[in-house]
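The opening position of the sequence shown corresponds to residue -14 in the numbering used here, with each subsequent residue numbered one higher. In this text, a Cβ means the ideal position worked out from N, Cα and C, and glycines have one as well.
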Amino acid sequence: MPQDYTLICLNSGSDQNTSWFTEVQHIFVKTITLNELVPILHARGVRGAIIKMDIEGSESFALESGSQIFDLFDIPVVQMEWLKVRSFPDRVKFLIDFFTKRNYVPKTFQCQPLDIKNIQVWPNDLCWTEGNISCC
């Protein structure tokens, strides 16, 4: 079910000696989960997709409600930013578990496999590819 959220845009104070913020506008946005995309994609005849996720470290939250997309559609490659995720061990664990359970392999953009036991050296951007895909 779509959710209504209020997006509050803030504008910093113009006085250099203050650090206050003023509210400038309210914008209502409708959101849906990845799983809620399933009927929309089915209605349009979509059978597969390549996903690029750049949601500033919140990729794990999106995927928590995204298993149906991966179970029902052919998703050979998922490109994502890793820079912010790496700071949150619980999110890292969730993402690694989510993808490895589905036989995805983490790779660099140069198609080099990444060692799951050595995530500290992973690049800031990477892709997860299905095991049978040789490159991203």
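Figure out for me which residue from the options has the closest Cα to the Cα of residue i.
i	options	result
residue 22	41, 51, 13, 38	51
residue 84	94, 30, 17, 44	44
residue 116	28, 76, 99	99
residue 103	86, 17, 74, 41	74
residue 106	87, 79, 72	72
residue 60	37, 18, 29	37
residue 30	46, 16, 58, 49	58
residue 109	48, 27, 42, 15	42
residue 79	49, 33, 14	49
residue 76	97, 53, 47	47
residue 19	55, 82, 87, 81	55
residue 94	101, 27, 65, 86	65
Using a Cβ cut-off of 8 Å (strictly closer), state whether residue i contacts chain D.
i	result
residue 83	Among the chains of the structure shown, chain D does not appear; only one protein chain is present.
Look up residue i in the DSSP assignment and say whether it is helix, strand or coil.
i	result
residue 37	strand
residue 100	coil
residue 95	coil
residue 13	strand
residue 70	helix
residue 90	strand
residue 106	helix
Which residue comes first and which comes last in the alpha helix (DSSP H) that contains residue i?
i	result
residue 77	74 to 86
residue 23	23 to 28
residue 54	52 to 57
residue 45	44 to 49
Along the beta strand (DSSP E) that carries residue i, what are the first and last residues, could you check?
i	result
residue 115	110 to 115
residue 66	62 to 66
Return the Cβ separation of residue i and residue j in integer angstroms, given the expectation that the two are a contact with Cβ distance under 8 Å.
i	j	result
residue 67	residue 90	About 14 Å separates the two Cβ atoms, so there is no contact after all.
residue 62	residue 35	5 Å
residue 92	residue 111	7 Å
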